[in-house]
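J.: Going down the list, the sequences are from chains A and B. Under the numbering used here, the residue at position 269 of the first sequence is numbered 269, and the numbers go up by one with no gaps. The numbering used here runs 1000 ahead of the 1-based position in the second sequence.
2 protein chains.
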Amino acid sequence: MSLAPVLARIDADLDNAIERLCNFLRIPSISTDPIFAEDCQKAADWLVADLTTLGAEASKRQTPGHPMVVGHITPLYSDQKPHLLFYGHYDVQPVDPLDLWNRDPFDPAVEETDNGKVIRARGACDDKGQLMTFIEACRSWIAEHGELPCKITFFFEGEEESGSPSLIPFMKENKDEITADIALICDTGLFDSRVPAITTMLRGLLGDEITITGPNKDLHSGLYGGVSMNPIRVLSRILASLHDENGRVTIPSFYDGVPELSDTLKEQWAALEFDHDAFLGGVGLSALAGERGYSALEMLWSQPTCEINGIKGGYAGDGFKTVLPSQASAKISFRLVGHQDPEAIRKNLRRMIEGMLPVDCSVSYNAHGSSGGIVMSTEAPAFEAARIALSDEWPDEAAFIGSGGSIPIAGFFQEITGVDPILIGFGKDDDQLHSPNEKYDLESFHKGTRSWARVLDALSRLEV
Amino acid sequence: MSLAPVLARIDADLDNAIERLCNFLRIPSISTDPIFAEDCQKAADWLVADLTTLGAEASKRQTPGHPMVVGHITPLYSDQKPHLLFYGHYDVQPVDPLDLWNRDPFDPAVEETDNGKVIRARGACDDKGQLMTFIEACRSWIAEHGELPCKITFFFEGEEESGSPSLIPFMKENKDEITADIALICDTGLFDSRVPAITTMLRGLLGDEITITGPNKDLHSGLYGGVSMNPIRVLSRILASLHDENGRVTIPSFYDGVPELSDTLKEQWAALEFDHDAFLGGVGLSALAGERGYSALEMLWSQPTCEINGIKGGYAGDGFKTVLPSQASAKISFRLVGHQDPEAIRKNLRRMIEGMLPVDCSVSYNAHGSSGGIVMSTEAPAFEAARIALSDEWPDEAAFIGSGGSIPIAGFFQEITGVDPILIGFGKDDDQLHSPNEKYDLESFHKGTRSWARVLDALSRLEV
Chain A
1 MSLAPVLARI DADLDNAIER LCNFLRIPSI STDPIFAEDC QKAADWLVAD LTTLGAEASK
61 RQTPGHPMVV GHITPLYSDQ KPHLLFYGHY DVQPVDPLDL WNRDPFDPAV EETDNGKVIR
121 ARGACDDKGQ LMTFIEACRS WIAEHGELPC KITFFFEGEE ESGSPSLIPF MKENKDEITA
181 DIALICDTGL FDSRVPAITT MLRGLLGDEI TITGPNKDLH SGLYGGVSMN PIRVLSRILA
241 SLHDENGRVT IPSFYDGVPE LSDTLKEQWA ALEFDHDAFL GGVGLSALAG ERGYSALEML
301 WSQPTCEING IKGGYAGDGF KTVLPSQASA KISFRLVGHQ DPEAIRKNLR RMIEGMLPVD
361 CSVSYNAHGS SGGIVMSTEA PAFEAARIAL SDEWPDEAAF IGSGGSIPIA GFFQEITGVD
421 PILIGFGKDD DQLHSPNEKY DLESFHKGTR SWARVLDALS RLEV
Chain B
1001 MSLAPVLARI DADLDNAIER LCNFLRIPSI STDPIFAEDC QKAADWLVAD LTTLGAEASK
1061 RQTPGHPMVV GHITPLYSDQ KPHLLFYGHY DVQPVDPLDL WNRDPFDPAV EETDNGKVIR
1121 ARGACDDKGQ LMTFIEACRS WIAEHGELPC KITFFFEGEE ESGSPSLIPF MKENKDEITA
1181 DIALICDTGL FDSRVPAITT MLRGLLGDEI TITGPNKDLH SGLYGGVSMN PIRVLSRILA
1241 SLHDENGRVT IPSFYDGVPE LSDTLKEQWA ALEFDHDAFL GGVGLSALAG ERGYSALEML
1301 WSQPTCEING IKGGYAGDGF KTVLPSQASA KISFRLVGHQ DPEAIRKNLR RMIEGMLPVD
1361 CSVSYNAHGS SGGIVMSTEA PAFEAARIAL SDEWPDEAAF IGSGGSIPIA GFFQEITGVD
1421 PILIGFGKDD DQLHSPNEKY DLESFHKGTR SWARVLDALS RLEV
C-alpha cells in the first residue's frame, strides 16, 4: 500500500475534514461542569458513529464519570504487523470568561489571521482538532486502499480536563483491550512551526498546601502586635528558604533521581537554537530564573522546580486592617523529572517545614497530585521511525524534546501496559489552550493529518 | 464645694443615669455606613439636648461628614480656675455579624453575668458609655452645688470609627474654642479591675502595601516553571528579611527615635505584675514573639513593631492551580513609638525592598496611614492630680501606662492646641469593642462616673 495517494486524498478531502471537525466542535463537551454531562455523552456518541463509518467495531463505555470510547479496526492479513493504539480526549475546558472570545466558542469557523488561517473554537486544538488529525489520516488510508496498513485501537476519554478520575480503573479493567505494540498520543505541540517534535521527557507534578496557624483567632495589632507570633511572618521565612541564592531547591535529598543529561541530548537541544529572549520577552521577562548553569530548555525540560502557586493570609482586600491573622497558607508545587520520588519529596518538605516552626505555631497540610517524571526509552525502533516520518512532512528535521508540563496518561500507559507511548502533536505556542479564543492553525490540522499518514506507513513496516 | 455629696448623689441617681445611657444607645449612630447618617444627626441632637439640660450653651456643628457637638458651661467666679475640655465620640462601629449577638445591639439592657452586671449594646463602652460617665459626673455636680467647679468645654465627634475625616479641619478652624488648660479624653481602659490607669504613651501607626510584579501575565508552571521569576518567591524573601533572628526589625535606621525607657517607668510597669502567660494563653499562645530582652508590657507599650497584616498572590481558592502569578502583594504595618519618623521609615522600607528586587521584578506601593507615637509630659501637675484622684476611687493605686494601639485624637490635641491630653477610661479587656456582644460593666459606668467627679474636684483646685 503506497503512501503518496493517501497524502493526495488528504489534500483533496481537506474541506470535508474541516466540516467534520466543526461538527465535533459544536458539541460543548465541558467535562468539569455537570451541566454539560449530556454533551459529553453526545461527543462520545459522535465519535462512535464516526469510527463506525470507518468500519471500526466501536462502542461507548460508561464509567462513574463521562464515558470512554473504544474502537478497533483489524485489517485482513494484519498478523505480522504491529498493533497500534491511539489515545485522545473529547472533553474540553470551560470557556470563561466568555466576553473575551471573539466568537461563540461552540460555533467554530475558519478565520483569516495575520499568521494564516485558523480554526477557532473551544477544543479546536485541545484535543478535538488534534484527535481528528489521526482519524482523518485513517479515513483517507481506508478510502484509498480499502483498509488500514495495520491493526489500530482507538481509545478516547472524556475526563482529561477534569483530572481523569475514571481512567486508571478503566485501563486496568480493560488492560488486554488497550494494550498494543505501540501507543500513540496526540495532545502535544510542534517545537516550532518548522520543527515537528516527539515529546520523550515529561515532568511530573507534586502539590502540597501548607497552612501555618499561630494564635487561635485573628488579633488586633494594637493589642497584640509585638508579643504574638504572626503566621504570615513564619510562612514567609519558610517559603524564602526553599531556594538558595543560585535558584537551587534546598529541600534535603530533593535532587535524588534527577538524571544527568546526556551530551547527545544537550547537543540536540542546543541545536534547536531556542530563542529564550523571545520566549521570556513575550511575558515581560528578560532573565532566566532557574538554577544557574542550565540553558532555558534544560531548565524547562530536564530540571525540577519548586514554585509557590498561591498564598493567602490576613486581610488582603481594599484598604487596610491592622489584623494579626490566626492563619496563613500557601500552595506549593513541584515539577519533577527522571526518577525523583514524589512522596519522598513531600515527606522531606514537611520535615523541613516542621524544623522551621517556632514555638506557638503549628502546620497542617492538604496533599495534592503526585506523579513522577516520565522518560521514554527512545531506543525502541518505533521512535526513530516516527521521527523520520515526521521529518519528511515538515521543513526541518523532527526533534526529541522534553515538556515542562505533565501528561499523566503517558505514565499510565507505561505503568499499566508496559508500553512507552509516542507523543506527537501539532499545537503551536499561541493556540490559547484553556484560554479564550482557542484556535488550531489550519496548517497544523492539514499537515498534522498528513504527518499521521506518514507515521502509520512507517510504523506498519516495522517488525514486531 | 465639697466632693462627698456629689459622690452620694451619683450613687443615688445611678438608675436614672443608666436609663439616660440606654436612650442614647438606642440610636444606631454607625458612622461608616451612609444608611445611618440620619441616626448620627439624631445622636448629635440628643447630646445637644442633654448638655442643654445641664445649662450648657451647646450646638450641633455640621461638617462635610457627621456633625460635631460643642458645648460650654462657664460657672460664675471661674476666672482663676483651670478651663477643662472633654472629648468623646458618639458614633459606633457596625454590628455585623448580627447573628453572633445575644440581643438586638440597639436594644440595650442591663444583664446579669458571672462577672457581675453589664450594660449590653453596641457603643455601651465605645464610646457612649464612657462619654456619659463624664456627663453624669457633671450632672451630679451641678445638681448638688448649682454649678460646676470650673469651666468645661464638651467636644464630641461622630466620625471616630470611620477615620475622623472632619476632625483636623474642624479643630483648626475652631482652635480657640477647643483650646483649654487641660484636655480630658475618655476612650481607654483600666489596667485591670483593681488598677485604674492614665494612658500616657501611645503607639503610632504606619501602613504600606507593596505589590511585586514579575511576568506581565499569569503563566502556566508547566510552560514557564523554572525559567520565570515568581513574584511570591520574591515577596517571601523580602518579608522574611524584615526581622532578624532575635525579632528585631532590620530596616535601616528603624530604631532612630525610640526612647530609652526610664528605670522609674520600668519599675512601675514591673510592679503591675502583668500576667503575660494568661494574656497569651487566652489566644492560644505561650511565648513572647517580640525582640528578646523586653517584658511583655515593654513590647506592647514602648517597642515598635513590624507586622504583615495581609498577603495574597496566585490562586488561593479550593483545589490547586499550577499558576505562576504575575503579581503578589502584602500589607505591612508598623506600630511606632516615641519620636520615630513614619515617613523616614516608609522611605527606608521602600529602599530596602528595591535593593532586594531581582531583575525582571518591579514594585509598586499603596501608602496607608502614617502617625507617629505619642508621649505625654506627665510632669504637668494635672497628671499627678488626676492619678491621685483615681487612686482614691479604686482598690489599687492608679498607674501611668502605655497603649499598644493608636488614638489619633491625642496627637491632634498636642499638635493643634499644644495641650497634652489626659486619657482616662474605664473599659475592660473583655468589653468586646468592635465585636458582637459589646458590653460595659455596670461597675465601670458607676465607678467611672465617681472617678470623674473626683478628677473634676482635684483639677479644679489646681492653679493655672
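Glycine included, C-beta positions come from ideal geometry on N, C-alpha and C.
With A:Q93 and A:G427 assumed to form a contact (beta carbons below 8 Å), what rounded beta-carbon distance in angstroms separates them?
T.: Working through the first sequence from its first residue, we reach residue 93 of chain A at position 93. Working through the first sequence from its first residue, we reach residue 427 of chain A at position 427. No, A:Q93 and A:G427 are not in contact; Cβ-Cβ is about 14 Å, not under 8 Å.
J.: At which residue ranges does the region 1075-1119 of chain B contain complete alpha helix (DSSP H) runs of 4 or more residues, listed in the order of the chain?
T.: Correct list: empty.
J.: Check distances from the C-beta atoms of the region 1366-1384 of chain B to those of chain A and list, in chain order, the residues that come in under 8 Å.
T.: For the region 1366-1384 of chain B, which is checked against every Cβ of chain A, the residues closer than 8 Å are H1368 and G1369.
J.: DSSP on B:L1336, reduced to helix/strand/coil?
T.: Counted from its first residue, the second sequence places residue 1336 of chain B at position 336. Strand.
J.: How would you list, in chain order, the residues of chain B whose beta-carbon sits under 9 Å from the beta-carbon of A:L261?
T.: For this step, residue 261 of chain A is matched to residue 261 along the first sequence. The premise fails here: A:L261 is roughly 14 Å from chain B at the closest Cβ pair, so nothing lies under 9 Å.
J.: Can you give the Cα-Cα distance for B:I1030 and A:A367, rounded to whole angstroms?
T.: Numbered from 1 along the second sequence, position 30 holds the residue referred to as residue 1030 of chain B. Numbered from 1 along the first sequence, position 367 holds the residue referred to as residue 367 of chain A. Rounded to whole angstroms, B:I1030 to A:A367 spans 44 Å at the Cα level.
J.: Determine whether the Cβ of A:Y77 lies closer than 8 Å to any Cβ atom of chain B.
T.: Along the first sequence, one-based indexing puts residue 77 of chain A at 77. Not closer than 8 Å to any Cβ of chain B, the Cβ of A:Y77 fails to qualify, so no.
J.: For B:N1366, does the three-state DSSP call read helix, strand or coil?
T.: On the second sequence, residue 1366 of chain B is found 366 positions in, with the first residue counted as 1. Note: B:N1366 maps to strand in three-state DSSP.
J.: Does B:I1232 come within less than 8 Å of chain A when only Cβ atoms are used?
T.: For the purposes of this step, residue 1232 of chain B is identified with residue 232 of the second sequence, where counting begins at 1. Chain A contact via Cβ: present.
J.: Give the secondary structure of B:K1060 by DSSP, where H, G and I count as helix, E and B as strand, and everything else as coil.
T.: Here residue 1060 of chain B refers to the residue found at position 60 when the second sequence is read from its first residue. Correct three-state label for B:K1060: strand.
J.: On the three-state DSSP scale, how would you describe B:M1229?
T.: Within the second sequence, the letter at position 229 stands for residue 1229 of chain B. Note: B:M1229 maps to coil in three-state DSSP.
J.: Using only the alpha-carbon positions, how far apart do B:I1152 and A:K312 sit?
T.: Position 152 of the second sequence holds residue 1152 of chain B. Position 312 of the first sequence holds residue 312 of chain A. About 51 Å.
J.: Based on the DSSP secondary-structure assignment, which residues constitute the bridge partners of B:T1213?
T.: Locating residue 1213 of chain B in the second sequence gives position 213, where the first residue counts as 1. DSSP lists B:Q1327 and B:S1362 as partners of B:T1213.
J.: Check for me: the alpha helix (DSSP H) holding B:A1386 runs from which residue to which?
T.: In the second sequence, counting from the first residue as 1, residue 1386 of chain B sits at position 386. Per DSSP, B:A1386 belongs to the alpha helix (DSSP H) from P1381 to E1393.
J.: Given a limit of 8 Å on CB to CB distance, which residues of the region 344-362 of chain A reach chain B?
T.: Within the region 344-362 of chain A, the residues whose Cβ lies closer than 8 Å to some Cβ of chain B are P358, V359 and D360, listed in chain order.
J.: What is the rounded straight-line gap between the Cα of B:T1417 and the Cα of B:I1178?
T.: Looking up residue 1417 of chain B in the second sequence gives position 417. Looking up residue 1178 of chain B in the second sequence gives position 178. So the two alpha carbons sit approximately 8 Å from each other.
J.: Is B:H1066 helix, strand or coil by DSSP?
T.: Locating residue 1066 of chain B in the second sequence gives position 66, counting from the first residue. In the structure shown, B:H1066 sits in coil (DSSP, three-state: anything other than H, G, I, E or B).
J.: Does A:N246 get closer than 8 Å to chain B when you measure Cβ to Cβ?
T.: Walking along the first sequence from the start, residue 246 of chain A turns up at place 246. Chain B contact via Cβ: absent.
J.: When you compare the CB of A:S444 with every CB in chain B, is at least one pair closer than 8 Å?
T.: Walking along the first sequence from the start, residue 444 of chain A turns up at place 444. Chain B, which has no Cβ nearer than 8 Å to the Cβ of A:S444, makes this no.
J.: From what residue to what residue does the beta strand (DSSP E) around B:G1310 run?
T.: Locating residue 1310 of chain B in the second sequence gives position 310, counting from the first residue. From DSSP, the beta strand (DSSP E) with B:G1310 extends over T1305 to G1314.
J.: Grab the span of the beta strand (DSSP E) containing A:S253 for me, first residue to last.
T.: Reading the first sequence from its first residue, position 253 is the one you call residue 253 of chain A. Careful: A:S253 lies outside any beta strand (DSSP E) and carries neither H nor E.
J.: Pairing CB atoms from the region 155-171 of chain A with CB atoms from the region 397-411 of chain A, are three or more of them under 8 Å?
T.: The region 155-171 of chain A is in contact with the region 397-411 of chain A.
J.: Any residues in the region 300-321 of chain A with a beta carbon nearer than 7 Å to a beta carbon of chain C? Which ones, in chain order?
T.: Any reference to chain C falls outside this structure, whose protein chains are A and B.
J.: Assuming A:S451 is part of the alpha helix (DSSP H), what are its boundary residues?
T.: Taking the first residue of the first sequence as 1, we reach residue 451 of chain A at position 451. L442 to S460 is the extent of the alpha helix (DSSP H) around A:S451.
J.: Sort out for me which residues DSSP pairs B:E1157 with in a bridge.
T.: On the second sequence, residue 1157 of chain B is found 157 positions in, with the first residue counted as 1. Partner(s): B:H1089.
J.: Just to confirm the assignment, what range does the alpha helix (DSSP H) spanning A:G411 have?
T.: Locating residue 411 of chain A in the first sequence gives position 411, counting from the first residue. A:G411 -> alpha helix (DSSP H) spans P408 to F412.
J.: Starting from A:G402 and walking both ways along the beta strand (DSSP E), at which residues does that stretch end?
T.: On the first sequence, residue 402 of chain A is found 402 positions in, with the first residue counted as 1. Looking at the DSSP string, the run of the beta strand (DSSP E) that includes A:G402 is A399 to S403.
J.: Since B:I1332 and B:F1254 should fall inside the 8 Å C-beta cutoff, what is the C-beta to C-beta distance between them, to a whole number of angstroms?
T.: As a working mapping, residue 1332 of chain B is identified with position 332 in the second sequence. As a working mapping, residue 1254 of chain B is identified with position 254 in the second sequence. The Cβ separation is near 12 Å, so there is no contact.
J.: Do B:N1437 and B:N1115 come within 8 Å of each other at the CB atom, strictly closer than that value?
T.: Counting from one through the second sequence, the residue named residue 1115 of chain B turns up at place 115. Counting from one through the second sequence, the residue named residue 1437 of chain B turns up at place 437. No, the pair does not count as a contact, with Cβ atoms beyond the cut-off.
J.: Cutting at 6 Å between CB atoms, please list the residues of its own chain near B:S1162, excluding the five before and the five after it.
T.: Walking along the second sequence from the start, residue 1162 of chain B turns up at place 162. Around B:S1162: S1031 and T1032.
J.: Quick check on this structure: which residue in A:R248, A:L205 and A:R233 has the alpha carbon closest to the alpha carbon of A:N309?
T.: Locating residue 309 of chain A in the first sequence gives position 309, where the first residue counts as 1. That would be A:L205, whose Cα lies nearest to the Cα of A:N309.
J.: Give the list of continuous alpha helix (DSSP H) stretches no shorter than 4 residues that lie fully inside the region 4-68 of chain A.
T.: Complete alpha helix (DSSP H) runs here, min 4: 4-12, 14-25 and 37-53.
J.: Should A:A270 go down as buried or exposed, given a rule of 16 or more other Cβ atoms within 10 Å for buried?
T.: Reading the first sequence from its first residue, position 270 is the one you call residue 270 of chain A. With fewer than 16 Cβ atoms within 10 Å of its Cβ, A:A270 is classed as exposed.
J.: Please list, in chain order, all residues of the same chain as B:L1100 whose beta carbon is under 6 Å from its beta carbon, the five residues on each side excluded.
T.: Numbered from 1 along the second sequence, position 100 holds the residue referred to as residue 1100 of chain B. Within the same chain, B:L1100 has close Cβ partners P1436.
J.: In the region 199-227 of chain A, which residues sit with their C-beta less than 8 Å from some C-beta in chain B, listed in chain order?
T.: Listed by position, the residues of the region 199-227 of chain A near chain B (Cβ gap below 8 Å) are R203, L205, G207, E209, G214, P215, N216, K217, L219, H220, S221, G222, L223, Y224, G225, G226 and V227.
J.: Less than 8 Å between the C-beta atoms of A:L47 and A:V69, yes or no?
T.: Your numbering for residue 47 of chain A matches position 47 in the first sequence. Your numbering for residue 69 of chain A matches position 69 in the first sequence. Cβ distance < 8 Å, so A:L47 and A:V69 count as in contact.
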